[in-house]
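**Student:** Take 3 as the starting number for the sequence shown in this note's numbering and just add one per residue. Sharing a structure below in structure tokens format, with a few things to ask.
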Amino acid sequence: MLSHDVLIVGGGLAGLRAAVGLCDKYDVGLISKVYPIRSHSIAAQGGINAALANNPNAKDDTWEKHTFDTVKGSDYLADQDAAELMCQEAIKIVYEMEHWGCPFSRFPDGTIAQRPFGGAGYPRTCYSTDLTGHVLLNTLHERAVYKGVRVYPEWFVIALVNDGGQCHGVIAFDLKNGEVIPVRAKATLFATGGYGRVYFYSTNALINTGSGIGIAYKAGVPIKDMEFVQFHPTALIGTNILMTEACRGEGGYLTNKDGERFMKRYVPNAMELAPRDIVSRSIQTEIDEGRGLEHPLGKYINLDLRHLGAEKILAKLPGIRNICLDFIGIDPILEPIPIMPCQHYSMGGIDTNEKCATDVKGFYAAGECACVSVHGANRLGGNSLLETIVFGKLASFAIDEYLQSSEIRQDEGLLISKKGEIETKIHRLVNEGDEKPYTILADLRKTMSSLVGIFRKREELGQALEDIEAVKERYRRVHVSSSKLYMNHELLNAIELEYMLEVAHTIALGAYLREESRGAHFRRDFSTRNDAGWLKHTIAKMGPDGEPVISSKKVIITKYQPMERKY
Numbered sequence: 003m004l005s006h007d008v009l010i011v012g013g014g015l016a017g018l019r020a021a022v023g024l025c026d027k028y029d030v031g032l033i034s035k036v037y038p039i040r041s042h043s044i045a046a047q048g049g050i051n052a053a054l055a056n057n058p059n060a061k062d063d064t065w066e067k068h069t070f071d072t073v074k075g076s077d078y079l080a081d082q083d084a085a086e087l088m089c090q091e092a093i094k095i096v097y098e099m100e101h102w103g104c105p106f107s108r109f110p111d112g113t114i115a116q117r118p119f120g121g122a123g124y125p126r127t128c129y130s131t132d133l134t135g136h137v138l139l140n141t142l143h144e145r146a147v148y149k150g151v152r153v154y155p156e157w158f159v160i161a162l163v164n165d166g167g168q169c170h171g172v173i174a175f176d177l178k179n180g181e182v183i184p185v186r187a188k189a190t191l192f193a194t195g196g197y198g199r200v201y202f203y204s205t206n207a208l209i210n211t212g213s214g215i216g217i218a219y220k221a222g223v224p225i226k227d228m229e230f231v232q233f234h235p236t237a238l239i240g241t242n243i244l245m246t247e248a249c250r251g252e253g254g255y256l257t258n259k260d261g262e263r264f265m266k267r268y269v270p271n272a273m274e275l276a277p278r279d280i281v282s283r284s285i286q287t288e289i290d291e292g293r294g295l296e297h298p299l300g301k302y303i304n305l306d307l308r309h310l311g312a313e314k315i316l317a318k319l320p321g322i323r324n325i326c327l328d329f330i331g332i333d334p335i336l337e338p339i340p341i342m343p344c345q346h347y348s349m350g351g352i353d354t355n356e357k358c359a360t361d362v363k364g365f366y367a368a369g370e371c372a373c374v375s376v377h378g379a380n381r382l383g384g385n386s387l388l389e390t391i392v393f394g395k396l397a398s399f400a401i402d403e404y405l406q407s408s409e410i411r412q413d414e415g416l417l418i419s420k421k422g423e424i425e426t427k428i429h430r431l432v433n434e435g436d437e438k439p440y441t442i443l444a445d446l447r448k449t450m451s452s453l454v455g456i457f458r459k460r461e462e463l464g465q466a467l468e469d470i471e472a473v474k475e476r477y478r479r480v481h482v483s484s485s486k487l488y489m490n491h492e493l494l495n496a497i498e499l500e501y502m503l504e505v506a507h508t509i510a511l512g513a514y515l516r517e518e519s520r521g522a523h524f525r526r527d528f529s530t531r532n533d534a535g536w537l538k539h540t541i542a543k544m545g546p547d548g549e550p551v552i553s554s555k556k557v558i559i560t561k562y563q564p565m566e567r568k569y
């Protein structure tokens with residue numbers, strides 16, 4: 003058995019920032035399914051939001067205006083105290099990352115460059131060309147290495163161990179050696195990322211299974227607002243690789259088969275820089291109504307950068323150009339980019355307060371796996387990188403406070419007992435059953451993409467719930483081919499699949515029950531927002547029979563009363 007004061011699960015931005023904040027004072031262990039610099043945070047391209055005072059193009063911008071844009075963008079489902087905290091901290095976080103060596107792009111006067119992003123009243127998105135997540139992650143990883151954070155790469159957490167009121171640690175699986183290892187910790191933080199791979203079409207990396215959310219849920223921790231799934235407007239046809247919002251922030255156009263900038267039909271003032279939920283629905287409507295273009299890989303809309311010119315594309319969007327050349331053989335300097343909307347981000351997640359604490363003592367969550375909630379029903383571009391670092395930092399403060407002020411009760415017996423359960427489960431997976439995990443996952447993804455997508459309605463969501471129950475039943479017979487435990491990725495996939503099924507179930511059920519349209523959740527049969535009935539968070543908790551029990555929680559409103567969302 004291993005033991006640490008603090009155990010962090012996830013090596014992306016939220017996990018690394020928490021580790022850096024705690025390792026000077028405590029024995030910190032960090033478990034990561036991949037090496038930290040391969041975490042999905044590295045894929046973020048466009049930028050990180052902050053109302054910096056030195057921007058010559060946004061002299062009147064303030065953190066309060068950033069908060070208002072965030073709350074409005076959330077369709078008023080964000081908890082406003084948390085949104086205020088994030089936007090206040092944003093300025094300090096950006097300068098902290100700069101001082102730690104993050105190479106931001108610069109204005110001619112040497113100050114940090116900022117670009118416009120959708121739903122924002124000012125150009126407040128700080129960036130490093132179109133590789134912002136890459137440079138932020140490497141900066142924090144270097145800091146963690148410098149400070150000597152103990153990292154367990156290619157380890158996977160299989161279960162959270164708690165007795166209902168207190169978290170005692172986790173059961174981990176060392177993929178390289180095939181060992182099941184209990185890890186005792188006084189405080190545990192999940193920073194495990196989103197669930198994009200429960201969908202067939204997603205910009206997310208293959209590692210983004212949502213297993214952290216599913217593990218917490220199966221351990222009895224409530225999860226919140228799972229029905230709110232962000233679909234990014236611009237993913238490359240075929241591979242679904244993200245074409246950053248910075249393409250539109252730098253002036254790119256969206257055009258249909260007639261060459262028309264069709265966003266004027268939907269949001270004539272904001273055009274391509276409307277919030278992501280609106281742009282995604284607009285693109286999908288163009289495709290559904292026959293104004294899209296045809297490609298062997300599917301129907302699409304054009305993202306046109308040609309008018310920006312080679313110099314600007316090479317200076318500000320070099321990564322996008324390289325992706326287009328490498329994956330689809332086109333040069334955006336010369337040709338439009340074929341794009342389609344697809345799943346991108348998880349607004350919902352593990353229910354936490356503004357200090358990243360859950361209702362289980364000693365258990366915390368931050369980043370995309372958590373729902374604070376600062377994004378509500380729809381996240382603004384540039385706020386995700388911000389959320390990860392801000393709440394990674396705030397989690398470190400909260401954990402420090404908890405470890406200093408609380409008498410920590412730890413039960414080794416629970417960890418040993420849970421280890422036995424996991425070993426029994428693995429034995430069953432490698433010795434019994436006749437269902438292959440990849441066939442179950444393929445069917446789940448088809449269900450989620452076709453029935454729980456950008457546009458939703460009751461009949462389709464009801465069918466999705468039936469389909470998910472059917473694949474959950476099939477999972478009882480799942481089997482992996484090899485009995486070897488080391489480097490057995492099929493075994494890892496089979497274990498994660500159980501959690502993916504639970505995550506998908508809560509998404510579909512929340513969408514079925516929420517009879518309104520708000521942000522990224524759009525019901526064709528309830529096409530308007532209903533504040534009287536649905537200005538509330540959806541809470542899902544696993545019941546004693548293994549089925550989700552749904553309740554609600556009040557949205558925290560401070561200054562910004564809900565109003566019609568216009569752009």
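Yeah, the Cβ is synthetic: ideal placement off N, Cα and C, and Gly gets one too. Quick caveat, the model's predicted, so the values are computed rather than measured.
Let's see if you can read the secondary structure: which residues bound the beta strand (DSSP E) around P235?
**Tutor:** Stepping through the sequence shown from its first residue, residue 235 is reached at position 233. V231 to L238 is the span of the beta strand (DSSP E), which, as asked, contains P235.
**Student:** Going by DSSP in three states, R186 sits in which element: helix, strand or coil?
**Tutor:** The sequence position of residue 186 within the sequence shown is 184, counting from 1. If DSSP states are grouped into helix, strand and coil, R186 belongs with the strands.
**Student:** Inspect the beta-carbon positions of D583 and L24 and report whether they are closer than 8 Å.
**Tutor:** Residue 583 lies beyond the range of the chain shown here (3 to 569); nothing can be said about it.
**Student:** To which residues of the same chain is V557 closer than 7 Å at the C-beta, ignoring the five residues directly before and after it?
**Tutor:** Numbered from 1 along the sequence shown, position 555 holds the residue referred to as residue 557. Excluding residues within five positions, the ones whose Cβ falls inside 7 Å are L79, D81, L537, K538 and H539.
**Student:** Classify A45 as helix, strand or coil using the three-state DSSP reduction.
**Tutor:** Here residue 45 refers to the residue found at position 43 when the sequence shown is read from its first residue. Three-state DSSP puts A45 in a helix.
**Student:** Please classify F329: is it buried, with 16 or more other beta-carbons within 10 angstroms of its beta-carbon, or exposed?
**Tutor:** To locate residue 329, count along the sequence shown from 1; it is residue 327. By the neighbour-count rule (16 or more Cβ atoms within 10 Å), F329 is not buried but exposed.
**Student:** DSSP state of L4, grouped into three classes?
**Tutor:** Position 2 of the sequence shown, counted from the start, is the residue given in the question as residue 4. Here L4 sits in strand by DSSP.
**Student:** Report the three-state DSSP secondary structure of W102 (helix, strand or coil).
**Tutor:** Translated into the one-based positions of the sequence shown, residue 102 becomes position 100. It is coil, neither helix nor strand.
**Student:** For I173, list the residues DSSP reports as bridge partners.
**Tutor:** Along the sequence shown, read from residue 1 onward, the residue named residue 173 stands at position 171. According to DSSP, I173 bridges with A161 and P184.
**Student:** With which residues is E296 paired in a DSSP beta bridge?
**Tutor:** By one-based count along the sequence shown, residue 296 stands at place 294. The partner list for E296 (beta bridge, DSSP) reads K301.
**Student:** Relative to the alpha-carbon of A466, which residue among E492, A237 and V200 has its alpha-carbon at the smallest distance?
**Tutor:** Within the sequence shown, residue 466 is the residue found at index 464, counting from 1. Closest option to A466, Cα to Cα, is V200.
**Student:** Report buried or exposed for S419, applying the criterion of at least 16 other Cβ atoms within 10 angstroms of its Cβ.
**Tutor:** For the purposes of this step, residue 419 is taken as residue 417 along the sequence shown, with counting starting at 1. Exposed, since its Cβ has fewer than 16 Cβ neighbours within 10 Å.
**Student:** Closest to I559 by CA distance: which of E86, V163, E425 and T241 is it?
**Tutor:** What you label residue 559 is simply residue 557 of the sequence shown in a count that begins at 1. Among E86, V163, E425 and T241, the Cα nearest to that of I559 belongs to E86.
**Student:** Would you identify the three-state DSSP class for M450, choosing helix, strand or coil?
**Tutor:** For the purposes of this step, residue 450 is taken as residue 448 along the sequence shown, with counting starting at 1. Three-state DSSP puts M450 in a helix.
**Student:** Is the stretch 202-209 touching the stretch 253-267, taking contact as three or more C-beta pairs under 8 Å?
**Tutor:** Touching, no, given that fewer than three Cβ pairs across the two stretches are closer than 8 Å.
**Student:** Is the Cβ-Cβ distance between G121 and L382 less than 8 Å?
**Tutor:** Taking the first residue of the sequence shown as position 1, residue 121 is located at position 119. Taking the first residue of the sequence shown as position 1, residue 382 is located at position 380. Yes, these two residues count as a Cβ contact at 8 Å.
**Student:** Report yes if the C-beta distance between C128 and I44 is below 8 Å; otherwise report no.
**Tutor:** By 1-based counting over the sequence shown, the position of residue 128 is 126. By 1-based counting over the sequence shown, the position of residue 44 is 42. Cβ distance not < 8 Å, so C128 and I44 don't count as in contact.
**Student:** Could you round the C-beta distance between C358 and L396 to whole angstroms and report it? I think they count as a contact, below 8 Å.
**Tutor:** The residue given as residue 358 occupies position 356 in the sequence shown. The residue given as residue 396 occupies position 394 in the sequence shown. Their Cβ separation, rounded to whole angstroms, is 6 Å, which keeps C358 and L396 in contact under 8 Å.
**Student:** Got a sec, what are the start and stop residues for the beta strand (DSSP E) I541 sits in?
**Tutor:** Walking along the sequence shown from the start, residue 541 turns up at place 539. K538 to M544 is the extent of the beta strand (DSSP E) around I541.
**Student:** Would you list the residues sitting across from H523 in a DSSP beta bridge?
**Tutor:** Working through the sequence shown from its first residue, we reach residue 523 at position 521. R520.
**Student:** Quick one: measure Cβ to Cβ for F158 and G350, integer angstroms, because I've assumed they're closer than 8 Å.
**Tutor:** Along the sequence shown, one-based indexing puts residue 158 at 156. Along the sequence shown, one-based indexing puts residue 350 at 348. So it is not a contact: roughly 22 Å between Cβ atoms.
**Student:** Alpha carbon to alpha carbon, what distance is there between R278 and V223?
**Tutor:** Counted from its first residue, the sequence shown places residue 223 at position 221. Counted from its first residue, the sequence shown places residue 278 at position 276. C-alpha separation (whole angstroms): 30 Å.
**Student:** Can you give me the C-alpha to C-alpha distance between I497 and K149, rounded to a whole angstrom?
**Tutor:** Counted from its first residue, the sequence shown places residue 497 at position 495. Counted from its first residue, the sequence shown places residue 149 at position 147. Each residue's alpha carbon lies about 33 Å from the other.
**Student:** Taking K188 and G364 to be in contact with their CB atoms under 8 Å, please state how far apart those CB atoms are, rounded to whole angstroms.
**Tutor:** Sequence index remark: in the sequence shown, residue 188 carries index 186 (1-based). Sequence index remark: in the sequence shown, residue 364 carries index 362 (1-based). With 8 Å as the limit, K188 and G364 qualify as a contact, their Cβ atoms being about 7 Å apart.
**Student:** How many whole angstroms separate the CB atoms of S282 and P338, which I take to be in contact at a CB cut-off of 8 Å?
**Tutor:** Here residue 282 is taken as the residue at index 280 of the sequence shown, counted from 1. Here residue 338 is taken as the residue at index 336 of the sequence shown, counted from 1. Actually they do not touch by this definition, with Cβ atoms about 18 Å apart.
**Student:** Leaving out five residues on either side along the sequence, give the residues of the same chain with a beta carbon under 6 Å from the beta carbon of D527.
**Tutor:** Here residue 527 refers to the residue found at position 525 when the sequence shown is read from its first residue. The answer, listed in chain order, is K459 and R460.
**Student:** Is it the case that the Cβ atoms of I470 and L431 are separated by a distance below 8 Å?
**Tutor:** The sequence position of residue 470 within the sequence shown is 468, counting from 1. The sequence position of residue 431 within the sequence shown is 429, counting from 1. Not a contact, by the Cβ cut-off of 8 Å.
**Student:** Could you pull the start and end residues of the beta strand (DSSP E) that G351 belongs to?
**Tutor:** Position 349 of the sequence shown, counted from the first residue, corresponds to residue 351. Its beta strand (DSSP E) spans residues G351 to D353.
**Student:** Within the chosen definition, does the stretch 167-184 reach the stretch 238-251 through at least 3 CB pairs nearer than 8 Å?
**Tutor:** Contact between the stretch 167-184 and the stretch 238-251 is absent, because fewer than three Cβ pairs lie under 8 Å.
**Student:** Can you tell me which of the three DSSP states E437 falls into?
**Tutor:** Translated into the one-based positions of the sequence shown, residue 437 becomes position 435. Looking at E437 - three-state DSSP - the assignment turns out to be strand.
**Student:** Could you tell me the alpha carbon to alpha carbon distance between A534 and S76, rounded to whole angstroms?
**Tutor:** As a working note, residue 534 is residue 532 in the sequence shown. As a working note, residue 76 is residue 74 in the sequence shown. Their backbone Cα atoms lie some 17 Å apart in a straight line.
**Student:** Assess, as a yes-or-no matter, whether the stretch 14-23 is touched by the stretch 126-143 under the definition of 3 or more beta carbon pairs within less than 8 Å.
**Tutor:** Yes, the stretch 126-143 touches the stretch 14-23.
**Student:** What distance in whole Å lies between the Cβ atoms of V480 and P439, which are believed to be in contact at a cut-off of 8 Å?
**Tutor:** In the sequence shown, counting from the first residue as 1, residue 439 sits at position 437. In the sequence shown, counting from the first residue as 1, residue 480 sits at position 478. So it is a contact: roughly 6 Å between Cβ atoms.
**Student:** Using a threshold of 8 Å, state whether the C-beta atoms of P105 and N57 are closer than that.
**Tutor:** In the sequence shown, counting from the first residue as 1, residue 105 sits at position 103. In the sequence shown, counting from the first residue as 1, residue 57 sits at position 55. It is not a contact, given that the beta carbons lie outside the stated cut-off.
**Student:** Under a three-way DSSP split, which group does Q465 fall into?
**Tutor:** Counted from its first residue, the sequence shown places residue 465 at position 463. Of the three classes helix, strand and coil, the one that applies to Q465 here is helix, per DSSP.
**Student:** Whose CA, out of I215, G321, N59 and K427, lies closest to the CA of V505?
**Tutor:** Residue 505 sits at position 503 when you count from the first residue of the sequence shown. It is I215 whose Cα lies nearest to the Cα of V505.
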